[in-house]
Amino acid sequence: MRVLLIITGGIAAYKSLDVIRQLRQKGHDIHVILTEAAQSFVTPLSCGALSENPVHHALFDINEEAKIGHIALARLPDLVLVCPATAHFIQKMAHGVADDLATTVLLATDAPILVAPAMNPNMFHHKATQRNLRQLCEDGCHVLTPDEGLMACGETGRGKLPLVQDIVSFVEEFSAEKPLQGLTAIVTAGPTHEPLDPVRYITNRSSGKQGFAIAASLGRLGADVTLITGPVQLPTPGQVQRVDVLTAADMYEAVTQRIPCDIAIFCAAVADWRPVSFSTNKIKKTSPNISTSICLTENPDILATVSHLPETTRPRLVIGFAAETEDIEQHAFDKWKRKGCDWLVANDVSGQDMDVFGQDHNKVTLYRHHHAQEQTDWLHKNDIASWLSDHILEWHRND
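For the sequence shown, position 81 (counting from the first letter as 1) is numbered 84 according to our numbering, and the numbering increases by one without interruption.
What follows is the structure, given as structure tokens:
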């Protein structure tokens, strides 16, 4: 596969040399563009020696532009990898700026774009950066999540360039076959909010990270994925259609409108109940006749509804999730049978071993018909998603 690697001017630029080396070892043809700032960290000579190809860095190179070089470069790759991607370069990408060779090529290429951000934690979490990353995802770019740890600036937090082997693995996935191509999938994620008044609501704890990771993994395998999510602050995975909802009723409607499909994975933490009545004004402690009781009514059961659809419209594979705090195996098994789904993924959210909510790691158990239950170790949620996708791929090949 031909990979066009764009190296921008961050301290993590030196790691891009190892990316070149490992991709070359796997047989990929690597072409490099260095931004002006990147040349303060790595040289054209080192990039050229490792890639075994000429290195490009000037938009108005008389030799290159005689052949309209920036367009030729845009047509060249099967994949564009921006590594590292600084906050400044991400901002330019999100706004369609074309003021140098790298940004001009990005506007002109039809190849998929993989972005590996690396920056100070405060810069990464800044609203402007998060807004720009969401824009890139909406534009179809694949954005990797930075790692957490000690930064070159001495601060600790999220912003480290992902591990080189992880970046290489993502590139490898683009060169692999798309075994789920032609299948449609629905994935739900995040919480739902059931409003009491304009400022208060009932909800379940959920960051949405696991559901988003599953949607991204299925998308990389070629499935046509619709991600139906409650209120979360996460960028949309590349090649995934996102539908934002607020309440359980909204999610129920969004799901049922997209049935039939081949695969339905219900990872969202849907509120079981909602208030019977909604106050159009904020409920105050000083309000007359205020009641300290809240009357609740049951929300529609999305998983059970879809699991019990007629065979003509029911998804071929329905997977539910169960977050439990005690008697995990018994409660998960009971839910699996009661809901009627094909598989159930259960996890312990009691926090006794490790806190799961909002974190990047998870440990789950998979229950399937005619199979012994399978349990993972504590893994990154991206790895949990890949593990589940492997089982889905096995199911698809044997179906």
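Heads up, the beta-carbon is just placed ideally off N, CA and C, and yes, glycines get one too. In this text the structure is predicted, and so the values were computed from the model without any measurement.
Taking every protein chain shown into account, the CB of R400 has fewer than 16 other CB atoms within 10 angstroms, so this residue is exposed.
When C144, P182, P318 are compared, the shortest CA-CA separation from S392 is found for P182.
Excluding residues up to 5 positions away in sequence, K384 lie with their Cβ nearer than 6 Å to the Cβ of K212 in the same chain. Note on the stretch 293-369: whole alpha helix (DSSP H) runs with a minimum of 4 residues are 305-310, 331-342, in chain order. Segment contact: the stretch 257-270 against the stretch 281-290, fewer than three CB-CB distances shorter than 8 Å; contact not assigned. Per DSSP, the continuous alpha helix (DSSP H) segment holding D253 begins and ends at 251-260. Per the coordinates, the alpha-carbon of D102 lies some 9 Å from the alpha-carbon of L62.
In the pairwise beta carbon analysis, the stretch 107-121 is classified as touching the stretch 139-151: at least three pairs are separated by under 8 Å. For the 8 Å CB-CB criterion, A267 and G214 do not form a contact. Beyond the five residues adjoining it in sequence on each side, C50 comes within less than 6 Å, by CB distance, of V35, V58 in the same chain, given in chain order. By alpha-carbon distance to D345, the top candidate from T316, Q362, D363, A307 is A307. In the structure shown, L136 adopts helical secondary structure according to DSSP, grouped into three states. The shortest CA-to-CA distance from A77 to any of V22, S172, V108, G152 is the one to V108.
Restricting attention to D304, V309, S178, V85, the CA atom closest to the CA of L139 is found in V85. Excluding sequence positions up to five before and after H60, its CB lies within less than 6 Å of the CB of L37, all in the same chain and listed in chain order. Note: K163 is bridge-paired with D150 in the DSSP secondary-structure output.
The three-state reading of DSSP puts H129 in coil, since its state is none of H, G, I, E or B.
Per DSSP, F281 lies in no beta strand (DSSP E) segment and is marked neither H nor E.
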